[in-house]
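K.L.:
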Amino acid sequence: MSGRLSLKYEAYGKENGKGMAKGKSTIVFFCQNCGYESGKWMGQCPGCREWNTLVEETVVSGGQGKRAKMQAGERRKPSVLSEISLEEEDRLTTSIKELDRVLGGGLVRGSLTLVGGDPGIGKSTLLLQVCRLLALNEREVLYVSGEESLKQIKLRANRIGEFNGHMKLLCETNLNAIEEGIRNAKPDVVVIDSIQTMYHEAVSSAPGSVSQVREATGVLLQLAKGLNISIFIVGHVTKEGTVAGPRVLEHMVDTVLYFEGDRHASYRILRGVKNRFGSTNEIGVFEMASDGLREVANPSEFMLSGKPKEASGSVVACSMEGTRPMLIEIQALVCHSNFGIPRRQTTGTDYNRVNLLMAVLEKRLGLQLGNCDAYVNIAGGMRIQEPAIDLGIVMALVSSFKNRPIDDKLIVVGEVGLSGEVRGVSMMQARVQEAKKLGFTTCVIPKVSMETVKEISGIRVIGVESLGDVINLL
Ligand code: TYD
Ligand code: MG
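Each residue of the sequence shown is one higher than the last, beginning at -19 in the numbering used here.
This is how it looks when you write it as structure tokens:
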């Protein structure tokens, strides 16, 4: 038995040794969605379960070895943690408050930030604006574009505003040339737009493939840490798998921000997905205008604009995005079903959650929803998963079912349990304050959360224990 085992290991070692021979190229299949690596082609990626995403790429083992050697050359000694000093300068403010918030209070020196998002969502626009403001604050900025020509960038820049002499442009896709450019220009901040257009000479596969994107990010990571400069990397997200998605680099970079939003709506949300220097719960809200992206300082107001008055099935709820309360309008439409199987549809919230809440309503309050179609929509195109909007969904459903409008100046917050009980939610005080700020006069909240709320003049807070209490209020 042991003989067989050792034989197996020997064979494994030999095979491995062959593959790792210096400068030898091997063929590897990479999932373009999640970066899963495999020796053979497969129809479905075992990593992310996506179909048809594995693509053949040639990997030269020499490139990686060189980097390992370089690291060994500059050996560092351990430092005492308590003796490391932090300078104020280590965080640069970008002068865009919404972005600073998502970054955790500003841009950290020597960090690598990935900005991902669908093509055309506004990544280049946002970063150009960041560059402009940093340059105005006397920072040296280098914007490297592999997608647009100098003239095209100038055209876009003209829409945004005046630029000063600290802002430099480079149109280049070869990483060696970019590295040289960065070493010569010695900037404080670099933008790479986009990582999928960059290529490294040592890697033979096409730009945008997993091995290219990884190698390029590896080089940029070394540059950022070595020269203590902050680098933004733009990464396109594509469903088709023709270019490697930013997900394959998430583990390499310090911060991952995703820019999302409805193409048809003008607002955009910048969401922190990973942040080594701050919280990941924060969001930044922007609006796309004719002169670039504008910050939306008060998203609640933005989300509630256009709310119908005296309409049944519409209620305002409050959700927390990080430390920030956001008021949203929940709309429900419940009507008699014409077919055997009732139709349920949700936009912006969890489908199964809505079904569950409808079952609770049916069982605990005896509402005959079994033969009704129901549509639930979060107005404005927001997507919310927080259970604190449960009570809002329930109120909207009941209001539509009974065709009874809810008071315009009322907001509801609370999680609903399977027994029809209303459960407590966190950060109640901030939510009530936001409601007060926007002119609401009544807050319906879970009874258990009552003690966490201090009295605020001008707003009445009502605690509820179960769905029965809520229906009595209507
Ligand atoms: P862009 O930043 O090029 O997107 P990405 O880099 O993420 O691919 O954004 C392009 C879109 O933004 C385009 O559809 C036009 C629009 N836009 C404006 O509406 N106003 C502006 O001032 C600018 C510069 C762009
Ligand atoms: Mg772009």
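By construction, the Cβ of each residue, glycine as well, lies at the ideal position given by its N, Cα and C atoms.
Is LYS148 near the ligand MG, judged by its Cβ being under 7 Å from some heavy atom?
P.N.:
For this step, residue 148 is matched to residue 168 along the sequence shown. Result no, Cβ not under 7 Å from the ligand MG.
K.L.:
Quick one: Cα of ARG384 to Cα of LYS417, how far?
P.N.:
Translated into positions along the sequence shown, residue 384 becomes position 404. Translated into positions along the sequence shown, residue 417 becomes position 437. Rounded to the nearest angstrom, the two C-alpha atoms are 26 Å apart.
K.L.:
Using the three-state DSSP reduction, which class does SER464 fall into: helix, strand or coil?
P.N.:
Given that the chain is displayed from residue -19 to residue 454, the structure contains no residue 464 and the question cannot be resolved.
K.L.:
For ILE321, count the other beta carbons within 10 Å of its own beta carbon; 16 or more makes it buried, fewer makes it exposed. Which is it?
P.N.:
Here the question's residue 321 lines up with position 341 in the sequence shown. The residue in question, ILE321, is exposed, as its Cβ has fewer than 16 Cβ neighbours within 10 Å.
K.L.:
Alpha carbon to alpha carbon, what distance is there between GLY397 and SER185?
P.N.:
On the sequence shown, position 205 is the one that residue 185 refers to. On the sequence shown, position 417 is the one that residue 397 refers to. Straight-line Cα distance between these residues: approximately 53 Å.
K.L.:
Below 8 Å on the Cβ atoms is my contact criterion, and I expect ILE263 with GLU290 to pass it. Report the Cβ-Cβ distance as a whole number of Å.
P.N.:
Translated into positions along the sequence shown, residue 263 becomes position 283. Translated into positions along the sequence shown, residue 290 becomes position 310. That pair is no contact at about 31 Å.
K.L.:
In this structure, does DSSP put PHE464 in helix, strand or coil?
P.N.:
Absent from the model: residue 464. The displayed extent of the chain is -19 to 454, so no value can be given.
K.L.:
Does DSSP put MET338 in a helix, a strand or coil?
P.N.:
Counted from its first residue, the sequence shown places residue 338 at position 358. Helix.
K.L.:
From this set, LEU349, ASP387, TYR238, SER270, which residue's C-alpha is nearest LEU79's C-alpha?
P.N.:
As a position in the sequence shown, residue 79 is number 99, starting the count at 1. Here the closest residue by C-alpha is TYR238.
K.L.:
Can you list, in chain order, the residues of its chain whose CB lies under 6 Å from that of GLU120, leaving out five sequence neighbours each side?
P.N.:
Here residue 120 refers to the residue found at position 140 when the sequence shown is read from its first residue. Result list for GLU120: HIS146, PRO167, ASP168, in chain order.
K.L.:
Starting from CYS25, trace the alpha helix (DSSP H) in both directions and tell me its first and last residue.
P.N.:
Taking the first residue of the sequence shown as position 1, residue 25 is located at position 45. No alpha helix (DSSP H) contains CYS25, which DSSP labels as neither H nor E.
K.L.:
Please work out which residues of its chain come closer than 7 Å, Cβ to Cβ, to GLY272, disregarding the five sequence neighbours upstream and downstream, and give them in chain order.
P.N.:
As a first step, residue 272 must be located in the sequence shown, where it is residue number 292. Taken in chain order, the residues that qualify are THR105, GLN109, ARG139, ILE140.
K.L.:
What are the start and end residues of the alpha helix (DSSP H) that includes VAL190?
P.N.:
Translated into positions along the sequence shown, residue 190 becomes position 210. Run containing VAL190: 190 to 207, per the alpha helix (DSSP H) assignment.
K.L.:
Our contact map puts TYR247 next to VAL265 with C-beta atoms below 8 Å; I'd like the distance itself, whole angstroms only.
P.N.:
In the sequence shown, the residue the question calls residue 247 occupies position 267. In the sequence shown, the residue the question calls residue 265 occupies position 285. Yes, they are in contact, since the Cβ atoms of TYR247 and VAL265 sit about 6 Å apart, within 8 Å.
K.L.:
In the DSSP output, what is MET268 paired with across the bridge?
P.N.:
The residue given as residue 268 occupies position 288 in the sequence shown. Looking at the DSSP assignment, MET268 forms a beta bridge with LEU273.
K.L.:
Starting from the Cα of VAL374, find the closest Cα among VAL334, LEU122, ASN318, MET22 and give me that residue.
P.N.:
Numbered from 1 along the sequence shown, position 394 holds the residue referred to as residue 374. Closest by alpha carbon: VAL334.
K.L.:
State the DSSP-derived secondary structure class of GLU36, mapped to helix, strand or coil.
P.N.:
Translated into the one-based positions of the sequence shown, residue 36 becomes position 56. Correct three-state label for GLU36: strand.
K.L.:
Consider the C-beta atom of GLY96 and the heavy atoms of the ligand TYD; say whether any pair is separated by less than 7 Å.
P.N.:
The sequence position of residue 96 within the sequence shown is 116, counting from 1. Not so, every heavy atom of the ligand TYD lies at least 7 Å from the Cβ.
K.L.:
Are there three or more Cβ pairs, one per stretch, closer than 8 Å when the region 340 to 348 is compared with the region 388 to 403?
P.N.:
Taking 8 Å as the limit for Cβ pairs, the verdict is that the region 388 to 403 does touch the region 340 to 348.
K.L.:
Got a sec? Which residues, its chain only, sit under 7 Å from ARG323 by beta carbon, not counting five neighbours each side?
P.N.:
As a first step, residue 323 is located in the sequence shown; it is residue number 343 there, counting from the start. The answer, listed in chain order, is SER317, ASP353.
K.L.:
Just checking MET300 against the ligand TYD - is the residue's beta carbon closer than 7 Å to any of the ligand's heavy atoms?
P.N.:
Here the question's residue 300 lines up with position 320 in the sequence shown. No; taking the cut-off as 7 Å, the Cβ of MET300 has no heavy atom of the ligand TYD nearer than that.
K.L.:
Do you know offhand how far VAL450's Cα is from ASN117's?
P.N.:
To locate residue 450, count along the sequence shown from 1; it is residue 470. To locate residue 117, count along the sequence shown from 1; it is residue 137. Cα to Cα, the separation comes out at about 53 Å.
K.L.:
State the start and end residues of the unbroken alpha helix (DSSP H) segment that holds ASP370.
P.N.:
Indexing the sequence shown from 1 puts residue 370 at position 390. Start and end: 370 to 382.
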